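A short write-up of the structure that comes next.
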């Protein structure tokens with residue numbers, strides 16, 4: 005089962021700035037391969053290297069698991085703040101041809117911005 009494999013890998017990643025990636029509750033076929041948008045608040049408060057790590061870890065987990073749930077959650081172990089990385093279109097939605105290419109994007113934002 006893919007989700008068990010993912011749970012094992014999620015705990016392996018250590019990010020800078022006390023950020024950890026939370027284990028997903030659901031499987032999915034989201035690939036996080038569209039344009040990436042970062043909220044103004046994230047841009048101002050989170051180091052660019054940490055943002056890059058978050059994107060790279062997400063892409064690695066997509067590759068390992070052949071897709072993920074649409075929502076990735078990162079949590080700061082000290083402040084308990086959460087970041088949401090949200091993908092708009094699943095692989096099936098993209099392949100359906102019902103959506104324009106510009107609808108394929110991901111957004112990284114603080115949970116309170118959602």
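Numbering (our numbering), first residue to last: 5 to 118.
Beta carbons: idealized from backbone N, C-alpha and C, even for Gly.
Keep in mind that this is a model prediction, so the values were computed, not measured.
(request) State yes or no: is the C-beta of residue 90 within less than 8 Å of the C-beta of residue 61? (result) The count along the chain shown starts at 1 and reaches residue 90 at position 86. The count along the chain shown starts at 1 and reaches residue 61 at position 57. It is not a contact, given that the beta carbons lie outside the stated cut-off.
(message) I'd like to confirm the pairing. Which residues does DSSP put opposite residue 19 in its beta bridges?
(response) Taking the first residue of the chain shown as position 1, residue 19 is located at position 15. Looking at the DSSP assignment, residue 19 forms no beta bridge with any residue, so it has no partner.
(message) Distance check for residue 50 and residue 56, CA to CA, integer angstroms please.
(response) Numbered from its first residue, the chain shown carries residue 56 at position 52. Numbered from its first residue, the chain shown carries residue 50 at position 46. One C-alpha to the other measures close to 10 Å.
(message) Whole angstroms are fine: how far does the CA of residue 113 sit from the CA of residue 86?
(response) The residue labelled residue 86 in the question sits at position 82 within the chain shown. The residue labelled residue 113 in the question sits at position 109 within the chain shown. Looking at the two C-alpha atoms, the distance is approximately 9 Å.
(message) Spatial neighbours of residue 115 within its chain, please: C-beta separation below 6 Å, excluding the five flanking residues on both sides.
(response) Reading the chain shown from its first residue, position 111 is the one you call residue 115. Cβ contact annotation for residue 115 (same chain, cutoff 6 Å, sequence separation greater than five): 86, 88, in chain order.
(request) With DSSP collapsed to three states, give me the class of residue 11. (result) Within the chain shown, the letter at position 7 stands for residue 11. Per-residue confidence for residue 11 stands at a pLDDT of 45, beneath the threshold of 50, marking its modelled position as unreliable; the derived number appears in the next sentence. When secondary structure is reduced to three states using DSSP, residue 11 falls in the helix class.
(message) Can you look up residue 27 in the DSSP assignment and give me helix, strand or coil?
(response) In the chain shown, counting from the first residue as 1, residue 27 sits at position 23. In the structure shown, residue 27 sits in coil (DSSP, three-state: anything other than H, G, I, E or B).
(request) Between the Cα of residue 74 and those of 27, 23, 43, 106, spot the shortest distance and give me the residue it belongs to. (result) Residue 74 sits at position 70 when you count from the first residue of the chain shown. Residue 74 has its Cα closest to that of 27, out of 27, 23, 43, 106.
(message) If the criterion is Cβ atoms closer than 8 Å, does the pair residue 108 and residue 38 meet it?
(response) Here residue 108 refers to the residue found at position 104 when the chain shown is read from its first residue. Here residue 38 refers to the residue found at position 34 when the chain shown is read from its first residue. Against a cut-off of 8 Å, the Cβ pair of residue 38 and residue 108 comes out as a contact.
(message) Just to confirm before moving on: does the CB-CB distance between residue 77 and residue 36 stay below 8 Å?
(response) To locate residue 77, count along the chain shown from 1; it is residue 73. To locate residue 36, count along the chain shown from 1; it is residue 32. Judged by their CB atoms, residue 77 and residue 36 are not nearer to each other than the 8 Å cut-off.
(request) Could you pull out every residue in the same chain whose Cβ sits closer than 7 Å to the Cβ of residue 98, ignoring the five residues on either side in sequence? (result) Taking the first residue of the chain shown as 1, we reach residue 98 at position 94. Taken in chain order, the residues that qualify are 108.
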